[in-house]
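As they're listed, the protein sequences go chains L and B.
Heads up: the first sequence begins at 1 in this note's numbering, then just goes up one per residue.
Heads up: the second sequence begins at 1 in this note's numbering, then just goes up one per residue.
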Amino acid sequence: MNWSSLGEFLAMGGYGLYVWGSFGMCALVLAVECWGVAQRRRSLRELPLDDLDDRNDLKERPLHEA
Amino acid sequence: MSWTRFAAPQRFYPLAGRAVPWFAGLALLLGVAGLYIGLLLAPTDHQQGEAYRIIFVHVPAAWMSMVIYVAMAFWAAVGLMFNTRLASMLAVALAPTGAWMTFLALWTGALWGKPTWGTWWVWDARLTSELILLFLYIGFMSLHASIDDERRADRAAAVLALVGVVNVPIIYFSVKWWNTLHQGASVSLTKAPSMATTMLWGMLIMALAFWMYSIAVALARTRVIILERERGARWVRQLLGTA
Numbered sequence: 001m002n003w004s005s006l007g008e009f010l011a012m013g014g015y016g017l018y019v020w021g022s023f024g025m026c027a028l029v030l031a032v033e034c035w036g037v038a039q040r041r042r043s044l045r046e047l048p049l050d051d052l053d054d055r056n057d058l059k060e061r062p063l064h065e066a
Numbered sequence: 001m002s003w004t005r006f007a008a009p010q011r012f013y014p015l016a017g018r019a020v021p022w023f024a025g026l027a028l029l030l031g032v033a034g035l036y037i038g039l040l041l042a043p044t045d046h047q048q049g050e051a052y053r054i055i056f057v058h059v060p061a062a063w064m065s066m067v068i069y070v071a072m073a074f075w076a077a078v079g080l081m082f083n084t085r086l087a088s089m090l091a092v093a094l095a096p097t098g099a100w101m102t103f104l105a106l107w108t109g110a111l112w113g114k115p116t117w118g119t120w121w122v123w124d125a126r127l128t129s130e131l132i133l134l135f136l137y138i139g140f141m142s143l144h145a146s147i148d149d150e151r152r153a154d155r156a157a158a159v160l161a162l163v164g165v166v167n168v169p170i171i172y173f174s175v176k177w178w179n180t181l182h183q184g185a186s187v188s189l190t191k192a193p194s195m196a197t198t199m200l201w202g203m204l205i206m207a208l209a210f211w212m213y214s215i216a217v218a219l220a221r222t223r224v225i226i227l228e229r230e231r232g233a234r235w236v237r238q239l240l241g242t243a
């Protein structure tokens with residue numbers, strides 16, 4: 001362990017802004033991306049309903065019902 | 001049973017659904033382990049002090065920015081050649097994750113460059129080619145979004161993705177081919193890594209965490225894209241309750 005106190009850990013030897021700015025932006029981006037996918041999934045029901053198109057439908061019972 | 005049976009979106013959808021929690025769980029475990037090693041265990045660098053710790057997110061993001069581009073171009077090419085819907089959907093699903101990784105590589109690189117080089121940005125080969133990678137991702141997504149017919153959009157975007165592939169080796173070898181502020185590779189297959197063992201392990205585990213995260217989020221996005229594009233299909237209507 002390199003750190004003797006929390007303050008020392010946060011200061012990162014004077015490079016706190018750069019180190020935490022990097023790790024913080026990564027955390028933010030991952031959170032925003034996950035939220036974006038979840039949001040896109042939630043808004044599926046609001047898409048205009050296409051005509052039924054079952055050309056590609058498989059005859060078997062789909063796995064998600066099994 | 002052949003693996004190609006999962007080329008049917010209807011079969012791939014539940015398969016991906018089962019895979020996502022595993023990859024997400026692995027990403028979380030590896031991420032916690034990597035952060036523990038990188039931020040708490042790894043020693044201070046004798047040249048760069050604590051600033052070097054940015055490596056634990058910078059290198060994984062930069063690697064993924066290139067790996068995802070190659071994967072995206074690969075699936076776009078498969079979609080183009082074999083006319084498989086799912087391959088094109090995978091390519092489209094990978095693009096935003098690749099763009100985010102590229103952004104993170106540039107952002108963390110700027111924050112690393114300031115204290116060590118004295119500048120946020122220089123127009124040298126490594127940084128410029130990585131910026132071009134970001135523009136290629138954005139171009140791929142914009143071109144795809146600008147064409148209404150999805151299969152035509154897939155084909156046009158695939159051509160762009162394939163042309164852009166030449167940029168990936170340029171990024172990778174830029175530190176060898178040109179004089180640059182950016183340091184050379186810390187890890188290579190041909191020589192011993194030029195860093196302490198704890199640092200190396202921290203970086204590799206973080207890279208693995210970024211891999212798992214990218215797979216999880218790209219698969220989750222593929223599932224949404226399948227439902228968006230196949231919403232005329234009976235199974236999707238039943239799933240969404242819009243039948």
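For each residue, glycine too, the CB sits at the ideal point set by N, CA and C.
**Q.** Bridge partners - Gly49/B, DSSP secondary structure assignment
**A.** What you label residue 49/B is simply residue 49 of the second sequence in a count that begins at 1. Per DSSP, the beta bridge partners of Gly49/B are Asp45/B.
Q: Please check the pair Thr102/B and Ser146/B, which I expect to be a contact at CB under 8 angstroms, by giving their CB distance rounded to whole angstroms.
A: As a position in the second sequence, residue 102/B is number 102, starting the count at 1. As a position in the second sequence, residue 146/B is number 146, starting the count at 1. Contact doesn't hold; Cβ gap of about 21 angstroms is too wide.
(Q) Helix, strand or coil, according to DSSP, for Asn2/L in the structure here? (A) Here residue 2/L corresponds to residue number 2 of the first sequence, with the count starting at 1. If DSSP states are grouped into helix, strand and coil, Asn2/L belongs with coil.
Q: Along the alpha helix (DSSP H) that carries Ser146/B, what are the first and last residues, could you check?
A: On the second sequence, position 146 is the one that residue 146/B refers to. Ala125 to Ser146 is the span of the alpha helix (DSSP H), which, as asked, contains Ser146/B.
Q.
If I measure Cβ to Cβ from Thr198/B and keep anything under 8 angstroms in the same chain, skipping five residues before and after, which residues do I get?
A. Here the question's residue 198/B lines up with position 198 in the second sequence. Excluding five sequence positions before and after Thr198/B, the CB atoms of its chain that fall closer than 8 angstroms to its own CB belong to Ile37, Leu41, Ala42 and Pro43, given in chain order.
**Q.** Spatially closest choice to Val217/B from Glu33/L, Leu28/L, Arg42/L and Asp54/L, by CA coordinates
**A.** Along the second sequence, read from residue 1 onward, the residue named residue 217/B stands at position 217. Residue Glu33/L is the option with its Cα nearest to Val217/B.
Q) Nearest chain B C-beta to Glu33/L closer than 8 angstroms, yes or no? A) The residue you call residue 33/L lines up with position 33 of the first sequence. At least one CB of chain B lies nearer than 8 angstroms to the CB of Glu33/L.
Q | Cutoff 7 angstroms; reference Arg5/B; Cβ partners in own chain excluding five residues on either side | A | For this step, residue 5/B is matched to residue 5 along the second sequence. Within the same chain, Arg5/B has close Cβ partners Arg11.
Q. Using the rule of at least 16 other Cβ atoms within 10 Å of the residue's Cβ for burial, across every protein chain shown, is Val166/B buried or exposed?
A. Within the second sequence, the letter at position 166 stands for residue 166/B. Label assigned to Val166/B: exposed.
(Q) So Gly13/L contacts chain D; which residues on that side make the cut at Cβ distance below 9 angstroms? (A) Chain labels in this structure do not include chain D; the protein chains are L and B.
Q. What are the start and end residues of the alpha helix (DSSP H) that includes Phe74/B?
A. The residue given as residue 74/B occupies position 74 in the second sequence. Where Phe74/B is concerned, the enclosing alpha helix (DSSP H) stretches over Ile55 to Phe82.
Q: Measure the C-alpha to C-alpha separation of Ala95/B and Ser4/L and round it to an integer number of angstroms.
A: Counting from 1 along the second sequence, the entry for residue 95/B is found at position 95. Counting from 1 along the first sequence, the entry for residue 4/L is found at position 4. If you take the alpha carbons of Ala95/B and Ser4/L, they lie about 43 angstroms apart.
Q: Leaving aside the five residues before and after Phe210/B along the sequence, list all residues of the same chain whose C-beta is less than 6 angstroms from its C-beta, in chain order.
A: Locating residue 210/B in the second sequence gives position 210, where the first residue counts as 1. Non-local C-beta neighbours of Phe210/B in its own chain, meaning closer than 6 angstroms and more than five positions away in sequence, comprise Pro60 and Met64, ordered along the chain.
Q. So, helix, strand or coil for Asn56/L, using DSSP?
A. Taking the first sequence and counting its residues from 1, one reaches residue 56/L at position 56. Three-state DSSP puts Asn56/L in coil, outside helix and strand.
Q. Using a Cβ-Cβ distance under 8 angstroms, would Gln10/B count as near chain L?
A. What you label residue 10/B is simply residue 10 of the second sequence in a count that begins at 1. Proximity of Gln10/B to chain L, defined by a Cβ-Cβ separation below 8 angstroms, is satisfied.
Q) Between Gly34/B and Met195/B, what straight-line distance do the alpha-carbon atoms span, to the nearest angstrom? A) As a working mapping, residue 34/B is identified with position 34 in the second sequence. As a working mapping, residue 195/B is identified with position 195 in the second sequence. For Gly34/B and Met195/B, the distance between alpha carbons rounds to 16 angstroms.
Q | the region 12-27 of chain B / the region 222-237 of chain B touching (three or more Cβ pairs under 8 angstroms) | A | Touching, yes, given that three or more Cβ pairs across the two stretches are closer than 8 angstroms.
Q: Answer yes or no: do Gly79/B and Asp154/B have a C-beta to C-beta separation smaller than 8 angstroms?
A: Against the second sequence, residue 79/B aligns to sequence position 79. Against the second sequence, residue 154/B aligns to sequence position 154. Cβ atoms of Gly79/B and Asp154/B: closer than 8 angstroms.
Q) Given Ala66/L, which residues of its chain have a CB within under 6 angstroms of its CB, disregarding the five upstream and five downstream residues? A) Working through the first sequence from its first residue, we reach residue 66/L at position 66. With a pLDDT of only 44 at Ala66/L, under 50, the local geometry of the prediction cannot be trusted, and no value is derived from it.
Q.
Restricting to runs no shorter than 4 residues, where is the alpha helix (DSSP H) found entirely within the region 146-178 of chain B?
A. For the region 146-178 of chain B, whole alpha helix (DSSP H) runs of length 4 or above, ordered along the chain, are 150-164 and 167-177.
Q | Chain-ordered neighbours of Leu49/L on chain B, where CB pairs are closer than 9 angstroms | A | To locate residue 49/L, count along the first sequence from 1; it is residue 49. Correct list: Arg231, Gly232, Arg237 and Thr242.
Q) Is any beta-carbon of chain B found at less than 8 angstroms from that of Gly7/L? A) As a first step, residue 7/L is located in the first sequence; it is residue number 7 there, counting from the start. Closer than 8 angstroms: no.
Q. Should Arg151/B go down as buried or exposed, given a rule of 16 or more other Cβ atoms within 10 Å for buried?
A. Numbered from its first residue, the second sequence carries residue 151/B at position 151. Its Cβ having fewer than 16 others within 10 Å, Arg151/B is exposed.
Q. Quick one: does the C-beta of Glu8/L sit closer than 7 angstroms to a heavy atom of the ligand COA?
A. By its list of ligands, the structure shown contains no ligand whatsoever, and the ligand COA lies outside what it can speak to.
(Q) According to DSSP, is Ala66/L part of a helix, a strand, or is it coil? (A) Here residue 66/L is taken as the residue at index 66 of the first sequence, counted from 1. Here Ala66/L scores only 44 on pLDDT, less than 50, and its place in the model is too uncertain to base an answer on.
Q) When the cut-off is 8 angstroms and only beta carbons count, does Ser22/L lie next to chain B? A) Reading the first sequence from its first residue, position 22 is the one you call residue 22/L. By this cut-off, Ser22/L is an interface position.
Q: Would you please verify whether the beta carbon of Leu44/L is less than 8 angstroms from any beta carbon of chain B?
A: Walking along the first sequence from the start, residue 44/L turns up at place 44. Closer than 8 angstroms: yes.
Q. By Cβ distance, which residues of its chain are closer than 7 angstroms to Thr180/B, with the 5 residues on each side in sequence left out?
A. For this step, residue 180/B is matched to residue 180 along the second sequence. If you ignore the 5 residues before and after Thr180/B, its C-beta comes within less than 7 angstroms of the C-beta of Asp124, Ala125, Arg126 and Ser174, all in its own chain and listed in chain order.
Q) Once you ignore the five residues that flank Leu143/B on each side, which residues in its own chain have a CB closer than 7 angstroms to its CB? A) Within the second sequence, residue 143/B is the residue found at index 143, counting from 1. Cβ-Cβ distances below 7 angstroms link Leu143/B to Ala156, Ala157 and Leu160 in the same chain, with the five nearest sequence neighbours on each side left out; the list follows chain order.
Q. For Gly184/B, does the count of other Cβ atoms within 10 angstroms reach 16, so buried, or fall short, so exposed?
A. What you label residue 184/B is simply residue 184 of the second sequence in a count that begins at 1. Gly184/B comes out exposed.
Q. Taking C-beta to C-beta, are Val57/B and Cys26/L nearer than 8 angstroms?
A. Taking the first residue of the second sequence as position 1, residue 57/B is located at position 57. Taking the first residue of the first sequence as position 1, residue 26/L is located at position 26. Yes. Within cutoff.
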